[in-house]
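Below is one structure, written out as structure tokens, with a few remarks after it.
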Amino acid sequence: MALRLMMKPPLSSSKGLLFFYLVVLFSCSQSINAQTNQTNATTDPSEVRALISIFQQWDLQAPDTWNISGEPCSGTALTTSFSEFEDPSNNPAIRCDCSFNASTVCHITSLRVFGLDKRGVIPEEILELPYLDFLKIDKNFFSGPLPAFIGNLSKLGLLP
């Protein structure tokens, strides 16, 4: 009789094991879903055009660390770490927020072109980055006064 009881697991431990497996399965599916959403997010096309135009006017190239596979809001552009954004090897740099439209759309929120000896003017295309809240373009050789249109960037909180 004792042998028979040992071979048949109690019903409550079977339910516990089933519950554990369901929790693990649910957690894995949520993780995969989150990764899929992030990889499916794309940068707003008007912001991509503006960024390309700005970079052409300032003769800049996007570093390989954030412009992965032609998608500007990728790689280090998705960082939340300010120190990574400010890293000298990540210059020029952008930061993006990909939480729009159920995490399918990214907007450029920060632009840094720091100390690269760039010349010219601040182009009006910068207005096509309406989510820009940080713009760091000092230690360059831009000419003319600060354009009045910068005041139209309503989210801009810091212009060092």
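Letter by letter, the sequence shown follows residues -34 to -1, 1 to 126 in mature numbering (1 follows the signal peptide of the UniProt record, and there is no 0).
Ideal Cβ positions, reconstructed from N, Cα and C, are used throughout, including at glycine.
Q. Helix or strand or just coil, what does DSSP make of Ser49?
A. helix
Q | Local conformation of Ser69 per DSSP, three classes | A | coil
Q: Give the C-beta separation of Val44 and Cys62 to the nearest angstrom, bearing in mind that I take them to be a contact with Cβ-Cβ under 8 Å.
A: Residue identity differs from the one stated: residue 44 is Leu in this sequence, not Val. Yes, Leu44 and Cys62 are in contact; Cβ-Cβ is about 6 Å, under 8 Å.
Q. Which same chain residues, not among the five before or five after Gly81, have their C-beta less than 6 Å away from its C-beta?
A. Lys105
Q. Looking at the structure shown, is Gly86 part of a helix, part of a strand, or coil, going by DSSP?
A. strand
Q. DSSP on Pro111, reduced to helix/strand/coil?
A. coil
**Q.** Whether Ile20 touches Pro38 by CB criterion (8 Å)
**A.** no
Q) Do Leu93 and Leu122 come within 8 Å of each other at the CB atom, strictly closer than that value? A) no
**Q.** Proximal residues to Glu50 (C-beta, below 8 Å), its chain only, five neighbours per side dropped
**A.** Thr42 and Asn56
Q. For Asp25, is the classification buried or exposed, using 16 other Cβ atoms within 10 angstroms of its Cβ as the cut-off for buried?
A. exposed
**Q.** Residue from Gln23, Gly86 and Ser69 with nearest C-alpha to Pro111
**A.** Gly86
Q) So is Asp10 buried or exposed if we call it buried at 16+ other beta carbons inside 10 Å? A) buried
Q) Got a sec, what are the start and stop residues for the beta strand (DSSP E) Phe80 sits in? A) Looking at the DSSP string, Phe80 is not in any beta strand (DSSP E), and its letter there is neither H nor E.
**Q.** Option nearest Ala16 by Cα separation, candidates Gly117, Ile88, Ala68 and Pro113
**A.** Ile88
Q: Please look up how many angstroms separate the CB atoms of Val79 and Pro58, rounded, as I've assumed it's under 8 Å.
A: 5 Å
Q | Leu95, DSSP secondary structure in three states | A | coil
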